[in-house]
Amino acid sequence: MKKKLTNNLGLKLAALGLAVVIWLVIQSIADPMTTKTLTQTVEIRNEDVLSQQDENYTYSVVSGETARFTISGKTSVISRLTASDFNVYADLSKLSIVNAVPVEITAKAYVDSSVEILPQSNTLQIEVDELTSIQKDVTVSTSGSPAEGYAVGNTSCEPSLVTITGPKRILENADRLVVSVNVNGRSTDFSESIDPILYDKNGDEITAETVHIELEEPVLVTVEIWRTETLDVRLDFSGVTAADGYAITNTAYSPQQIVVTGDDEDLDQSEAVSRGYVVFSVPGESNLTETTEGVFPIADYLGDNLRLVDSDLRESGITYQITVEEKVSASWPVSFENIQLVGSNPDFTYRLASGQDSVSITVTGTEADLDSVRSSSSGTIQFSLDVSNCDEPGEYSATVSAVLPDSIELAPGQEISIIVEEANPSSGETGES
Numbered sequence: 001m002k003k004k005l006t007n008n009l010g011l012k013l014a015a016l017g018l019a020v021v022i023w024l025v026i027q028s029i030a031d032p033m034t035t036k037t038l039t040q041t042v043e044i045r046n047e048d049v050l051s052q053q054d055e056n057y058t059y060s061v062v063s064g065e066t067a068r069f070t071i072s073g074k075t076s077v078i079s080r081l082t083a084s085d086f087n088v089y090a091d092l093s094k095l096s097i098v099n100a101v102p103v104e105i106t107a108k109a110y111v112d113s114s115v116e117i118l119p120q121s122n123t124l125q126i127e128v129d130e131l132t133s134i135q136k137d138v139t140v141s142t143s144g145s146p147a148e149g150y151a152v153g154n155t156s157c158e159p160s161l162v163t164i165t166g167p168k169r170i171l172e173n174a175d176r177l178v179v180s181v182n183v184n185g186r187s188t189d190f191s192e193s194i195d196p197i198l199y200d201k202n203g204d205e206i207t208a209e210t211v212h213i214e215l216e217e218p219v220l221v222t223v224e225i226w227r228t229e230t231l232d233v234r235l236d237f238s239g240v241t242a243a244d245g246y247a248i249t250n251t252a253y254s255p256q257q258i259v260v261t262g263d264d265e266d267l268d269q270s271e272a273v274s275r276g277y278v279v280f281s282v283p284g285e286s287n288l289t290e291t292t293e294g295v296f297p298i299a300d301y302l303g304d305n306l307r308l309v310d311s312d313l314r315e316s317g318i319t320y321q322i323t324v325e326e327k328v329s330a331s332w333p334v335s336f337e338n339i340q341l342v343g344s345n346p347d348f349t350y351r352l353a354s355g356q357d358s359v360s361i362t363v364t365g366t367e368a369d370l371d372s373v374r375s376s377s378s379g380t381i382q383f384s385l386d387v388s389n390c391d392e393p394g395e396y397s398a399t400v401s402a403v404l405p406d407s408i409e410l411a412p413g414q415e416i417s418i419i420v421e422e423a424n425p426s427s428g429e430t431g432e433s
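In the working numbering, the protein residues as written are 1 to 433.
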């Protein structure tokens, strides 16, 4: 048996060596070497080094809070690795005189020892800063929409004032401490415990690990959910007037409905809610000569008990427009027989002193209103002359009167010369009594 094993030993060893070489070649082809670049947030170690030197100082990261590094190894191994499989840290005990710390990267214990971390030069740059404290009011911010027919009412939180400590450079840029609560679908009051978020003056979240919000537990937020009511809006423009020679031809405003909210007691006691509308007088403007636009600050006039649901409307108001047009003059003939003679005497006859059958009437108003009067002047507009003082035959002057739209006026001095004569039985009566 031993002889069989040792026969051709050299040949057998050569075959074994060849097999190993072939296996290695196959492995290198089937599982080649590869590299992968990873990115990881740098962990800061030994932070207390600075406070041990001076408790009134801390630090803030200027740059290098994330590190990129490359690993090398077999594809089958590298493909399964992520950044979380490595320790990426900066040890503040190794802080240089220029406040820089080299970033060190090591593989965690379970990572295959064949994995190589290629040389890299990541550096964490910090700024040593004075440790300071500030206090911020907690602001409640809501998102989402309550159930239909409801709106967000009063909000409150406990605590409402919070102390924050951290580097002076960062806290000088701190703006708001916010708790955000979702009210979507809510129809009743509720409370939630929420961790506040600190924002800078650019609206970005402050995430520095050296900034500490001094809270033993989350902020307790209470949100009241109120019912809503829809009210019609009526704007009163009676205090607005146009200048002489001009007319207000139209007024318009938007929106014509508003949605208000309040607690149940306030809504139930509101006269506006009871009648379904609100009336506001637009501040008086006089001597207008052109179309004017404005904004009525409706939120200022609702009172303390009602609140507009539309936040944009609270900030702006109801927009309105007052259309003003210049008046023009127009004249057209009116048949004398269509003019009512007020106070006429059946014993007299009346005719135009000019001998004509018609008289020219001049009115002033906007173009649109004048067109309306022209189209209806054949019968619906009644002109009249007061002849009650014409008590004997002769020539008289009488002033024309007419019933016209408010925006139309007779031009001043509209007097007509008429001849009054005794009635001739054979000619009949021309006047009306």
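A virtual CB, placed ideally from N, CA and C, is assigned to each residue, including glycine.
For residue i, which option in the options has the closest C-alpha, if you only look at C-alpha atoms?
i       : options                               : result
Lys-108 : Ala-100, Tyr-89, Arg-234 and Ser-93   : Tyr-89
Ile-44  : Val-77, Glu-214, Ala-353 and Val-101  : Val-101
Phe-296 : Asp-263, Glu-290 and Ala-252          : Ala-252
Arg-515 : Thr-319, Asp-266 and Thr-292          : Outside the displayed span of the chain (1 to 433) sits residue 515, for which this structure offers no information.
Ser-281 : Asp-268, Tyr-301 and Thr-291          : Tyr-301
Ser-417 : Ser-372, Gln-356 and Thr-364          : Gln-356
Asn-154 : Thr-222, Glu-409 and Thr-210          : Thr-222
Glu-315 : Phe-190, Asp-304, Val-324 and Ile-298 : Ile-298
Thr-228 : Val-259, Gly-203, Thr-207 and Glu-55  : Val-259
Leu-350 : Ser-407, Ala-368 and Ala-423          : The sequence as given places Tyr at residue 350; Leu does not occur at that position. Minimum Cα distance to Tyr-350 is reached at Ala-423.
Leu-38  : Leu-235, Ser-60, Val-49 and Thr-66    : Thr-66
Ile-381 : Ile-339, Pro-393, Val-61 and Ser-354  : Ile-339
Asn-182 : Pro-146, Glu-217, Ser-156 and Asn-202 : Pro-146
Would you report the Cα separation of residue i and residue j, rounded to the nearest angstrom?
i       : j       : result
Lys-327 : Val-233 : 31 Å
Gln-414 : Ala-398 : 8 Å
Pro-405 : Asp-310 : 40 Å
Leu-177 : Ser-238 : 48 Å
Phe-86  : Asn-122 : 15 Å
Asp-112 : Pro-119 : 18 Å
Asp-31  : Arg-68  : 25 Å
Leu-161 : Gln-135 : 7 Å
Ile-419 : Val-387 : 11 Å
Ile-105 : Arg-169 : 29 Å
Glu-290 : Thr-323 : 7 Å
Asp-273 : Gly-317 : Note on identity: in this sequence residue 273 is Val, with Asp being the wrong assignment. Cα to Cα, the separation comes out at about 19 Å.
Glu-130 : Thr-34  : 46 Å
Glu-127 : Glu-205 : 20 Å
Glu-421 : Leu-288 : 49 Å
Pro-167 : Ser-84  : 29 Å
Thr-163 : Thr-70  : 42 Å
Ser-180 : Val-219 : 11 Å
Which residues does DSSP list as the beta-bridge partners of residue i?
i       : result
Glu-214 : Answer is none; Glu-214 lacks a bridge partner.
Arg-68  : Thr-39
Ser-114 : Per DSSP, none; premise fails for Ser-114.
Ser-133 : Thr-165
Lys-74  : Met-33
Ser-417 : Ser-397
Ser-84  : According to DSSP, which records beta bridges pairwise, Ser-84 is partnered with nothing at all.
Pro-333 : Ser-360
Gln-321 : Ala-252 and Glu-293
Leu-231 : Ile-258
**Message:** Pairs of beta-carbons, one from the stretch 335 to 349 and one from the stretch 280 to 294, closer than 8 Å: are there three or more?
**Reply:** no
**Message:** So within the stretch 250 to 289, which uninterrupted alpha helix (DSSP H) runs reach at least 4 residues, ignoring any that extend past its ends?
**Reply:** 264 to 269 and 271 to 275
**Asked** Counting pairs of Cβ atoms below 8 Å between the stretch 127 to 143 and the stretch 72 to 87, do you hit three or more?
**Response** no
**Request:** Please confirm if the stretch 143 to 154 is in contact with the stretch 168 to 175, defined as three or more CB-CB distances below 8 Å between the two stretches.
**Result:** no
**Asked** If we count Cβ pairs, one from each stretch, closer than 8 Å, do we get three or more for the stretch 319 to 338 versus the stretch 353 to 367?
**Response** yes
**Message:** Pairs of beta-carbons, one from the stretch 193 to 202 and one from the stretch 212 to 228, closer than 8 Å: are there three or more?
**Reply:** yes
**Prompt:** At which residue ranges does the stretch 341 to 391 contain complete beta strand (DSSP E) runs of 3 or more residues, listed in the order of the chain?
**Reply:** 348 to 352, 358 to 365 and 383 to 386
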